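Just add 33 to wherever you are in the sequence shown, counting from 1, and you've got our numbering.
Every residue, glycine too, gets a C-beta built ideally from N, C-alpha and C.
From a predicted model like this one, the values you see are computed outputs, not experimental measurements.
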Amino acid sequence: MKFIDFNNNTHTKRIVGIILVLLSTPLFFFLNRVQKLGTIKEELFASASRKGECFQGFCLGGDPEASIISRWLTFSFEYMELVLLGMIFAFAISGIVEAFIFPRKNQTMLFSPGLKGIFRGYILGPALNLCSACIVPVVNSLKNKGSSLESVIALTQGSSTLNFLSIIMIFTIFTPDLGWNRIITGAISVFLFGPIIARLTFGWKLKK
C-alpha cells in the first residue's frame with residue numbers, strides 16, 4: 034500500500050496536509066521559537082550574574098503588595114502569552130493530521146507498533162519542537178487515527194525532551210551532566226517504558 038498515490042483522493046488530501054505542515058512549521062519557528070533565542074541569550078547573561086529570575090520570557094516575583102488574585106491573574110496572562118502560539122500551532126497541526134494526512138480511521142503507516150514506529154515518533158518529535166503540554170493535541174489526533182501507543186509516547190518524549198531550546202538552556206545554564214541525564218532518561222522512557230505501557234494497556238483492554 035502506497036503512502037502517496039496521486040490518483041487517490043485520500044492521498045491527494047494527504048499531499049495537501051503535508052504542504053500545510055511544511056508551510057506552517059517554519060512560520061511557527063519564525064514567530065515563536067526564533068524570537069525566544071534572543072530571550073535565552075539575555076537570560077544566560079542574567080544567570081551568569083546570578084540575578085536572573087526569568088525563564089524563556091516568564092519572570093517570577095512581581096509586586097509584593099499586590100493581592101493574591103492580582104498576582105494570580107498576572108501570572109496566568111503571562112503564561113498564556115508564552116504558550117498561546119505553541120497551542121495554536123499544535124491545534125492547527127492536529128486538525129491537519131485528522132482532516133488531511135490521515136483522513137480515514139485506520140492504522141497509520143508511519144506510526145505502527147514496534148521499534149519502527151517508536152523510532153519514527155522519537156525522530157519526528159523534535160521537529161515539532163513543542164512542550165509536553167502543547168504536543169498533546171497532535172498526539173491525540175494520531176492516536177485517534179490508529180497510531181500505536183508506544184509510537185505516540187515516543188513522539189511526546191521526543192518533542193519535549195529533545196526540544197532544542199530547553200536543551201540549550203539546560204546545557205548552558207545548568208550542567209552538561211543534567212542535560213545528558215535528560216536525554217538519556219527520555220530515551221529510556223521511550224524505548225523501555227513505552228512498549229511496557231502499550232503491552233499493559235493492550236492486555237488490560239483484552240481482559241475487559
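Look up residue i in the DSSP assignment and say whether it is helix, strand or coil.
| i | result |
| --- | --- |
| S184 | helix |
| E31 | Absent from the model: residue 31. The displayed extent of the chain is 34 to 241, so no value can be given. |
| P209 | helix |
| N42 | helix |
| S145 | coil |
| L53 | helix |
| S165 | coil |
| Q89 | Any reading at Q89 must be qualified, since the residue scores a pLDDT of 49, below 50, and its modelled position is unreliable; no value is offered. |
| F135 | coil |
| L175 | helix |
| N214 | helix |
| N65 | helix |
| L115 | helix |
| I195 | Checking the sequence shown, residue 195 turns out to be Leu, not Ile. L195: coil per DSSP, three-state reduction. |
Who are the near neighbours of residue i in its chain, counting only those whose CB is closer than 6 Å to its CB and skipping five residues on each side?
| i | result |
| --- | --- |
| S192 | G158, L161, L163 and I168 |
| N196 | N162 |
| V49 | F133 |
| G219 | Q190 and T194 |
| D210 | none |
| E131 | S174 |
| G150 | F144, S181 and S184 |
Whose C-beta lies closer than 7 Å to the C-beta of residue i among residues of the same chain, with five residues either side of it excluded?
| i | result |
| --- | --- |
| L117 | none |
| V172 | V185, L188 and T189 |
| I271 | For residue 271 there is no data in the structure shown, the boundaries of the chain being 34 and 241. |
| F124 | P170 |
| I51 | I134 |
So, at 8 Å on beta carbons, what are the nonlocal neighbours of residue i in its own chain, with the 5 sequence-adjacent residues on each side left out?
| i | result |
| --- | --- |
| V54 | I126, I129 and I134 |
Do the region 218–232 and the region 167–186 meet, that is, are 3 or more Cβ pairs less than 8 Å apart? yes
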